[in-house]
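All the letters of the sequence shown, read from the start, carry residue numbers 10 to 396 under this note's numbering.
We put the beta carbon where it would ideally sit given N, CA and C, even for glycine.
Written out below as structure tokens is the structure these notes cover.
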Amino acid sequence: MTVQELPGAAAYRPTPPPAWKPLTDPAPLLPDPEPFRVLGTDAAADADPELLLRLYAELVRGRRYNAQATALTKQGRLAVYPSSTGQEACEIAAALVLEDRDWLFPSYRDTLAAVARGLDPVEALTLLRGDRHTGYDPREHRIAPLCTPLATQLPHAVGLAHAARLKGDDVVALAMVGDGGTSEGDFHEALNFAAVWRAPVVFLVQNNGFAISVPLAKQTAAPSLAHKAVGYGMPGRLVDGNDAAAMHQVLSEAVARARRGEGPTLVEAVTYRMDAHTNADDATRYRGDSEVETWRAHDPIVLLERELTGRGLLDEDGMTAVREEAERMAEGLREQMNADPVLDPMDLFSHVYEEQTGQLREQADQLRVELDAEHGPHDGHGAEGVR
Ligand SMILES: Cc1ncc(C[n+]2csc(CCOP(=O)(O)OP(=O)(O)O)c2C)c(N)n1
Ligand SMILES: [Mg+2]
Numbered sequence: 010m011t012v013q014e015l016p017g018a019a020a021y022r023p024t025p026p027p028a029w030k031p032l033t034d035p036a037p038l039l040p041d042p043e044p045f046r047v048l049g050t051d052a053a054a055d056a057d058p059e060l061l062l063r064l065y066a067e068l069v070r071g072r073r074y075n076a077q078a079t080a081l082t083k084q085g086r087l088a089v090y091p092s093s094t095g096q097e098a099c100e101i102a103a104a105l106v107l108e109d110r111d112w113l114f115p116s117y118r119d120t121l122a123a124v125a126r127g128l129d130p131v132e133a134l135t136l137l138r139g140d141r142h143t144g145y146d147p148r149e150h151r152i153a154p155l156c157t158p159l160a161t162q163l164p165h166a167v168g169l170a171h172a173a174r175l176k177g178d179d180v181v182a183l184a185m186v187g188d189g190g191t192s193e194g195d196f197h198e199a200l201n202f203a204a205v206w207r208a209p210v211v212f213l214v215q216n217n218g219f220a221i222s223v224p225l226a227k228q229t230a231a232p233s234l235a236h237k238a239v240g241y242g243m244p245g246r247l248v249d250g251n252d253a254a255a256m257h258q259v260l261s262e263a264v265a266r267a268r269r270g271e272g273p274t275l276v277e278a279v280t281y282r283m284d285a286h287t288n289a290d291d292a293t294r295y296r297g298d299s300e301v302e303t304w305r306a307h308d309p310i311v312l313l314e315r316e317l318t319g320r321g322l323l324d325e326d327g328m329t330a331v332r333e334e335a336e337r338m339a340e341g342l343r344e345q346m347n348a349d350p351v352l353d354p355m356d357l358f359s360h361v362y363e364e365q366t367g368q369l370r371e372q373a374d375q376l377r378v379e380l381d382a383e384h385g386p387h388d389g390h391g392a393e394g395v396r
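Structure follows, in structure tokens:
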């Protein structure tokens, strides 16, 4: 007996599900097919010269910072440094579009964004040289810890932004993540919560082509990472991540939208990681020189320099002044990072629990006795530094 021959089958008429319609119109959420650009287009004429010059100085300073931090790994002063060389336009724009009252949620590659937001250049590296905890006070600068577990900073950003909104505080959170991080569950959960709650968050994905050695094509089958926004009901924006003016414009618009209470935006910045993943990685094992050279021709500093010199806003003297200022910053960084930090071993027990446990108190007492035996009486935190 077939299904059609069952009793009552003749009366069965398939009907569509009742009253189905899309919850939101997907069309306005879709990213443009081409990454948005300003430099080298007619739109560049409208860009504010003062802003372009500020961006230029920050990019040059940022590149010098990356080079200096990488050099410090070779001198054994830093355990590791994930360079953002090639991605400076994303880093700087992310910092400059925020107000002091806003929050930045960076990943491990976003030291430059933290420094451009005002974090002390040395403090920004303390974690990477193995000092305790984050190395800086996240609340002071409203910069969450530089986050190593992929994408875990994203739900935190959404939670903070949502809580601020419930309290009536005018705060936007900008959360940074890599292309590889978009495959993490935390990424999906964060975007979903943010869209449903219309939380004032901007998600900035730096698509730098790789997750260590894994190229984007092995990471996703989506048309672009920006397209993922549509599935959650927020707009996706695709932007040239090496065009500092375009990055600044798109992120400013996304921040303004969040501040108006219109909800989150996902921005995909198409860029390239010029250096290896970190100093511990050898990128020649998984990518060719020609690919790197193609991107070198699309360098964020070169693009901006071309625009500024073309418009007569920057000349050789101006460039030299910017480079000299960056050199002074690198010199200061070198000097301070070469000084051995004075550490207090008793600090091991600080900032673990608000109220110390009995076990920790016991261990602290034991260590104090050992230190006193070795160095003489220990009179409190920081007093008896050990090099
Ligand atoms: C949850 C988690 N899984 C794995 C890792 C190991 N890991 C460190 S960096 C990285 C690649 C991330 O690539 P991407 O998100 O594209 O960021 P990029 O390094 O390119 O800035 C991986 C897999 C990690 N840190 N955290
Ligand atoms: Mg990546």
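{"query": "DSSP state of tryptophan 206, grouped into three classes?", "result": "helix"}
{"query": "Quick check: the stretch 108-124 against the stretch 179-191, are there 3 or more CB pairs under 8 Å?", "result": "yes"}
{"query": "Do the CB positions of leucine 105 and glycine 71 come within less than 8 Å of each other?", "result": "no"}
{"query": "So if I measure from each beta-carbon to every heavy atom of ligand 2 and keep distances below 6 Å, which residues remain?", "result": "Gly187, Asp188, Gly189, Asn217, Phe219, Ala220"}
{"query": "In the DSSP assignment, the beta strand (DSSP E) including glutamate 277 goes from what residue to what residue?", "result": "274-279"}
{"query": "For the beta strand (DSSP E) containing valine 248, list its first residue and its last residue.", "result": "245-249"}
{"query": "In three-state DSSP terms, what is histidine 213?", "result": "Here the sequence assigns leucine to residue 213, which means histidine is not the residue at that position. Reduced to three states, the DSSP call for leucine 213 is strand."}
{"query": "Can you list, in chain order, the residues of its chain whose CB lies under 6 Å from that of serine 222, leaving out five sequence neighbours each side?", "result": "Tyr295"}
{"query": "Could you check the C-alpha separation between glycine 391 and methionine 283 for me, to the nearest Å?", "result": "Low per-residue confidence applies at glycine 391: pLDDT is 44, beneath 50, and the placement is therefore not dependable, though the value from the model is reported in the following sentence. Roughly 41 Å between the two C-alpha positions."}
{"query": "Going along the chain, which residues of its own chain have a beta-carbon closer than 7 Å to the beta-carbon of glutamine 96, five neighbours each way excluded?", "result": "Gln215, Asn217, Gly250, Thr280, Arg282"}
{"query": "If we define contact as Cβ-Cβ less than 8 Å, is alanine 292 a contact residue for chain D?", "result": "Checking the listed chains, one finds no chain D in this structure; it contains a single protein chain."}
{"query": "Could you tell me whether the Cβ atoms of alanine 254 and valine 47 are closer together than 8 Å?", "result": "yes"}
{"query": "If you reduce the DSSP assignment to three classes, tell me which class valine 311 lands in.", "result": "helix"}
{"query": "Does any heavy atom of ligand 1 sit closer than 7 Å to the C-beta of glutamine 162?", "result": "no"}
{"query": "In whole angstroms, give me the CA-to-CA distance for glycine 17 and threonine 33.", "result": "39 Å"}
{"query": "Please go through the same chain and pick out, in chain order, the residues whose beta-carbon is closer than 7 Å to the beta-carbon of proline 256, but skip the five residues on each side of it.", "result": "Residue identity differs from the one stated: residue 256 is methionine in this sequence, not proline. Ala98, Cys99, Ala102, Val248, Gly250, Ala278."}
{"query": "Could you name the residues that DSSP lists as bridge partners for glycine 187?", "result": "Gln215"}
{"query": "Looking only at C-alpha atoms, which of Leu68, Gly85, Glu316, Ala52 sits nearest to serine 93?", "result": "Leu68"}
{"query": "Using the Cβ count rule (16 or more neighbours within 10 Å means buried), how would you classify histidine 384?", "result": "exposed"}
{"query": "Enumerate in chain order the residues of its own chain whose CB-to-CB distance from arginine 73 is below 6 Å, with the five nearest sequence positions on each side excluded.", "result": "Ala335, Ala339"}
{"query": "Touching or not, the stretch 157-164 and the stretch 183-202, by the rule of three or more beta carbon pairs under 8 Å?", "result": "yes"}
{"query": "With 16 other CB atoms within 10 Å as the buried threshold, where does glutamine 368 fall?", "result": "exposed"}
{"query": "Can you look up proline 37 in the DSSP assignment and give me helix, strand or coil?", "result": "helix"}
{"query": "In this structure, does DSSP put leucine 113 in helix, strand or coil?", "result": "strand"}
{"query": "Could you tell me whether the stretch 148-162 touches the stretch 124-138, using the rule of 3 or more Cβ pairs below 8 Å?", "result": "yes"}
{"query": "Out of curiosity, what's the CA-to-CA distance linking threonine 229 and serine 192?", "result": "8 Å"}
{"query": "Let me check understanding here. Comparing Cα to Cα, which of Leu213, Pro209, Ala204, Gly168 lies closest to glycine 422?", "result": "The structure shown does not extend to residue 422, since the chain spans only 10 to 396, so no value can be given for it."}
{"query": "Just list the residues that DSSP pairs cysteine 156 with in beta bridges.", "result": "Ser116"}
{"query": "Give me the Cα-Cα distance between glycine 131 and lysine 83, rounded to the nearest whole angstrom.", "result": "A small fix is needed here, since residue 131 is valine in this sequence, not glycine. Rounded to whole angstroms, valine 131 to lysine 83 spans 17 Å at the Cα level."}
{"query": "Which residues bound the alpha helix (DSSP H) around tryptophan 304?", "result": "298-305"}
{"query": "Measuring straight from C-alpha to C-alpha, what distance separates arginine 207 and proline 309?", "result": "33 Å"}
{"query": "So arginine 320 and valine 276 are supposed to be a Cβ contact under 8 Å. How far apart are they, rounded?", "result": "Not confirmed; about 26 Å, so no contact."}
{"query": "Take arginine 332 and list the residues in its own chain whose beta-carbon comes closer than 7 Å to its own, dropping the five residues that flank it on each side.", "result": "Val69"}
{"query": "By the three-class DSSP mapping on this structure, what secondary structure does glycine 391 have?", "result": "Since pLDDT at glycine 391 reaches only 44, below the 50 mark, its modelled position is unreliable, and no value is offered."}
{"query": "Going by CA-CA distance only, name the one from Ala80, Pro27, Asp188 that's closest to asparagine 347.", "result": "Ala80"}
{"query": "Enumerate in chain order the residues of its own chain whose CB-to-CB distance from serine 233 is below 7 Å, with the five nearest sequence positions on each side excluded.", "result": "Pro40, Leu247, Glu277"}
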